[in-house]
Amino acid sequence: MDFKRLMAFFAIALAILMGWEQLFPSPKPTPAQQQAAQQQQVAAAAQTEAPLAAAAPITVTTDTVKAVIDEKSGDLRQLTLLKYEANGDEQKPFVLFNDSKAYTYVAQSELLDAQGHNILKGISFTAPQKQYTLQGDTLEVRLSAPETNGLKIDKVYTFTKDSYLINVRFDVTNSSGHPVNLNANYNVVRDGSEPEGQGYFTHSYVGPVVYTPEGDFQKVEFSDLDDDAKSGKDEAEYVRRTQSGWLGMIEHHFMATWILQPKDQASVCAAGECKIDIKRRSDNLYSASVSVPLTAVPAGGSSAIAANLYAGPQTTSVIAGIADNLQLAKDYGKVHWFASPLFWLLNKLHDVIGNWGWAIVALTVIVKAVLYPLTNASYRSMAKMRAVAPKLQAIKEKYGDDRMAQQQAMMQMYKDEKINPLGGCLPMLLQIPVFIGLYWALFASVELRQAPWLGWIHDLSRPDPYYILPLIMAATMFIQTYLNPPPTDPMQAKMMKIMPLIFSVMFFFFPAGLVLYWVVNNLLTIAQQWYINKSIEKQRAQGEVVS
Numbered sequence: 001m002d003f004k005r006l007m008a009f010f011a012i013a014l015a016i017l018m019g020w021e022q023l024f025p026s027p028k029p030t031p032a033q034q035q036a037a038q039q040q041q042v043a044a045a046a047q048t049e050a051p052l053a054a055a056a057p058i059t060v061t062t063d064t065v066k067a068v069i070d071e072k073s074g075d076l077r078q079l080t081l082l083k084y085e086a087n088g089d090e091q092k093p094f095v096l097f098n099d100s101k102a103y104t105y106v107a108q109s110e111l112l113d114a115q116g117h118n119i120l121k122g123i124s125f126t127a128p129q130k131q132y133t134l135q136g137d138t139l140e141v142r143l144s145a146p147e148t149n150g151l152k153i154d155k156v157y158t159f160t161k162d163s164y165l166i167n168v169r170f171d172v173t174n175s176s177g178h179p180v181n182l183n184a185n186y187n188v189v190r191d192g193s194e195p196e197g198q199g200y201f202t203h204s205y206v207g208p209v210v211y212t213p214e215g216d217f218q219k220v221e222f223s224d225l226d227d228d229a230k231s232g233k234d235e236a237e238y239v240r241r242t243q244s245g246w247l248g249m250i251e252h253h254f255m256a257t258w259i260l261q262p263k264d265q266a267s268v269c270a271a272g273e274c275k276i277d278i279k280r281r282s283d284n285l286y287s288a289s290v291s292v293p294l295t296a297v298p299a300g301g302s303s304a305i306a307a308n309l310y311a312g313p314q315t316t317s318v319i320a321g322i323a324d325n326l327q328l329a330k331d332y333g334k335v336h337w338f339a340s341p342l343f344w345l346l347n348k349l350h351d352v353i354g355n356w357g358w359a360i361v362a363l364t365v366i367v368k369a370v371l372y373p374l375t376n377a378s379y380r381s382m383a384k385m386r387a388v389a390p391k392l393q394a395i396k397e398k399y400g401d402d403r404m405a406q407q408q409a410m411m412q413m414y415k416d417e418k419i420n421p422l423g424g425c426l427p428m429l430l431q432i433p434v435f436i437g438l439y440w441a442l443f444a445s446v447e448l449r450q451a452p453w454l455g456w457i458h459d460l461s462r463p464d465p466y467y468i469l470p471l472i473m474a475a476t477m478f479i480q481t482y483l484n485p486p487p488t489d490p491m492q493a494k495m496m497k498i499m500p501l502i503f504s505v506m507f508f509f510f511p512a513g514l515v516l517y518w519v520v521n522n523l524l525t526i527a528q529q530w531y532i533n534k535s536i537e538k539q540r541a542q543g544e545v546v547s
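Quick note on the UniProt record's numbering: the sequence shown kicks off at 1 and runs consecutively.
Pasting the structure below:
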């Protein structure tokens with residue numbers, strides 16, 4: 001029975017530490033994805049796919065971003081988030097979009113004719129200047145294309161102060177002498193490489209996502225798109241047509257999504273159903289695109305066609321106000337039903353306390369208090385098992401290798417002492433969803449990025465630089481082994497002593513915010529276990545019946 005309990009506790013600890021996604025991890029990058037990260041085969045792109053060839057850049061600097069727009073195509077080729085540090089280098093800002101040998105991640109927008117062809121293919125935009133800096137609340141960058149087939153088209157980027165929302169607008173003037181039917185195509189293109197900082201214990205989903213009222217939130221794995229590309233079929237699971245929603249790419253803490261219907265505003269799909277296309281392109285890059293049907297531009301008339309691109313951090317309080325359910329892009333995996341309300345509570349605590357580290361401490365105390373009835377039942381059962389440990393050892397010595405007699409004697413003792421040897425397991429198992437949800441609520445929260453706690457902890461999303469918290473956690477785990485029932489099997493006893501060391505080494509690589517939660521949880525557990533153990537020992541010493 002001790003061995004079963006040990007295994008149950010081991011499974012619980014492993015699940016909490018690694019999370020559901022680590023037990024059922026997303027597929028690793030395929031060779032095709034690795035090839036995509038290394039080879040930018042631009043010339044191989046299909047006719048309907050906008051090329052990624054570089055031209056003269058236009059640089060735009062605001063208080064939040066530094067953007068580089070390709071003057072020829074009008075594509076957004078680079079986007080640096082000035083308020084966030086790079087994953088691998090705290091001295092450099094975080095680069096979300098890039099078009100280099102390292103990796104490709106860009107945002108494209110274009111106008112298509114009735115046959116689906118880019119009407120400005122081979123025609124370049126020009127801008128009045130090469131550098132722009134935000135001075136007021138908004139900054140407009142206008143790129144103009146020469147008149148083509150009677151159409152005069154300007155592409156206008158609008159940047160806003162203290163925002164990662166970029167408005168992209170086409171101003172179309174029709175001098176062709178007849179109405180013109182157009183579609184707008186909005187696209188996020190990315191290679192299959194994983195962002196810097198991904199590790200076995202800190203791995204999160206990277207790839208295309210789409211939200212529609214018809215299909216809710218859907219992730220489209222790169223591997224599924226690889227299968228479609230190999231088979232020539234379109235079988236990846238996602239909604240293809242919608243009147244609303246959003247789509248794009250996500251990675252740990254950051255996202256890039258085209259918004260089809262802004263919060264409390266009309267949908268860009270007002271003229272008809274929008275068509276979603278997520279695929280691996282012929283140049284081995286992956287694209288999440290949407291084709292938006294537009295109202296015909298009358299002869300002699302003009303039209304303004306606009307859509308919003310959110311490219312920035314997955315800050316819940318911000319993205320929830322941009323579009324319905326955009327906060328789902330903050331990927332909590334399969335435990336979002338638990339993680340979302342836990343983060344909501346954490347956010348409320350932060351609003352009151354003003355420090356994310358102390359908010360984590362407060363949240364841990366609250367969760368521990370809410371789960372007290374369950375944990376109390378578990379620890380009382382463990383305390384009673386600990387109290388009868390000498391009797392268990394005596395039974396083992398008495399019956400030696402006679403396993404049958406040994407089991408019978410143990411069961412009789414459990415009956416006499418009114419102990420359920422598995423009584424501590426079920427309450428512990430019921431806590432698993434909550435603990436895993438809390439794990440992901442902390443791990444997925446960009447709000448903890450660069451958030452200090454105290455002293456040496458300057459960033460709760462990064463590992464403790466001096467490993468102080470992991471060492472404290474290891475000490476607390478060793479203390480817990482002495483408060484738990486001692487295993488009767490020598491091998492189990494050795495495992496119990498080794499496990500704290502193994503887990504502490506794992507926690508060296510965990511974000512400090514997660515380790516802080518675990519340390520506080522362990523300290524509260526030690527206090528609770530110690531009190532219950534002493535209470536049980538006192539009752540037994542006084543000859544009272546322990547219930």
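No residue lacks a Cβ here, since even glycine has one placed at the ideal position from N, Cα and C. Computed from a predicted model, the values in this text were never measured in an experiment.
What residue ranges within the region 256-325 form continuous beta strand (DSSP E) runs of no fewer than 3 residues, ordered along the chain?
With a minimum length of 3 residues, the continuous beta strand (DSSP E) runs that stay inside the region 256-325 are 274-280, 286-293 and 302-313.
Closest by CA to Ile166, which one among Thr61, Phe435 and Ala369?
Thr61
How about Val95 and Arg77: do their beta carbons lie closer than 7 angstroms?
no
Counting along the chain, where does the alpha helix (DSSP H) carrying Val220 start and finish?
Careful: Val220 lies outside any alpha helix (DSSP H) and carries neither H nor E.
Which of the three DSSP states, helix, strand or coil, is assigned to Ile479?
helix
What whole-angstrom Cβ distance do Val505 and Val434 have, given they're in contact under 8 angstroms?
Wrong, their Cβ atoms sit about 25 angstroms apart, outside the cutoff.
Do Gln314 and Met255 come within 7 angstroms of each other at the CB atom, strictly closer than that value?
The Cβ atoms of Met255 and Gln314 sit closer than 7 angstroms to each other.
Per the DSSP calculation, Gln131 is bridged to which residue(s)?
Thr59
For Ala299, I'd like the list of residues in its chain whose CB is within less than 7 angstroms of its CB, leaving aside the five on either flank, ordered along the chain.
In chain order, Asn174, Ser176, Gly177, His178 and Pro179 place their CB closer than 7 angstroms to the CB of Ala299, counting only its own chain and leaving out the 5 sequence neighbours on each side.
Taking only three categories from DSSP, how would you classify Gln243?
coil
At what residues does the beta strand (DSSP E) containing Val106 begin and finish?
Where Val106 is concerned, the enclosing beta strand (DSSP E) starts and stops at Thr104 to Leu112.
According to DSSP, is Ile69 part of a helix, a strand, or is it coil?
DSSP, reduced to helix, strand and coil, places Ile69 within a strand of the structure shown.
Take the Cβ of Gln108 as the centre, count every other Cβ of all protein chains shown within 10 Å, and call the residue buried at 16 or more, exposed below.
buried
If I follow the unbroken alpha helix (DSSP H) through Gly357, where does it start and stop?
Trp356 to Val370
Terminal residues of the alpha helix (DSSP H) in which Ala394 lies:
Ala389 to Tyr399
Could you spell out where the alpha helix (DSSP H) holding Val352 opens and where it closes?
His336 to Ile353
Suppose you measure from the CA of Ile119 to the CA of Asp75; what does that come to, to the nearest Å?
15 angstroms
Is it buried or exposed, Tyr482, if we count other Cβ atoms within 10 angstroms and call 16 or more buried?
With fewer than 16 other Cβ atoms within 10 Å, it is exposed.
Segment limits, alpha helix (DSSP H) that includes Tyr205:
Neither: Tyr205 is in no alpha helix (DSSP H) and is coded neither H nor E.
Helix, strand or coil for Gln38, going by three-state DSSP, please let me know.
Bear in mind that the predicted position of Gln38 carries a pLDDT of just 41, short of 50, making it unreliable; the figure below should be weighed with that in mind. The answer is helix: DSSP assigns Gln38 an H, G or I state.
Near Asp234, what residues of its chain come up, given a Cβ to Cβ distance below 8 angstroms and the 5 sequence neighbours on each side ignored?
So the list reads Asp228 and Lys279, once near-sequence residues are dropped.
Please say whether Ala409 and Ile395 have beta carbons closer to each other than 7 angstroms?
yes
Across which residues does DSSP place Asn98 in a beta bridge pair?
Partner(s): Tyr105.
Closer than 7 angstroms by C-beta to Leu349: which residues in its own chain qualify, once you throw out the five before and the five after it? Chain order, please.
Non-local C-beta neighbours of Leu349 in its own chain, meaning closer than 7 angstroms and more than five positions away in sequence, comprise Ala359, Ala362 and Leu363, ordered along the chain.
Report yes or no: do three or more beta-carbon pairs, one from the region 317-331 and one from the region 207-214, lie closer than 8 angstroms?
Flag = yes, the region 317-331 and the region 207-214 touch.
Run through DSSP, which three-state label would Asp171 get?
strand
Ser144 to Ala307, Cα distance in whole Å?
Each residue's alpha carbon lies about 18 angstroms from the other.
Sub-7 angstroms separation of Leu79 and Ala383 beta-carbons:
Leu79 is not a Cβ neighbour of Ala383, given a cutoff of 7 angstroms.
Does the distance from the CB of Trp518 to the CB of Met473 come in under 7 angstroms?
yes
Which whole-angstrom value is the C-beta distance of Leu294 and Leu182, which I expect to be below 8 angstroms?
5 angstroms
Reference Ala320; option with closest CA among Ile432, Asp264 and Pro452
Asp264
Residues near Tyr466 by beta carbon distance below 8 angstroms, same chain, minus five either side
Trp456
Excluding sequence positions up to five away, which residues of its chain have a Cβ less than 6 angstroms from the Cβ of Val188?
Ala107, Gly248, Met249, Ala256 and Ala288
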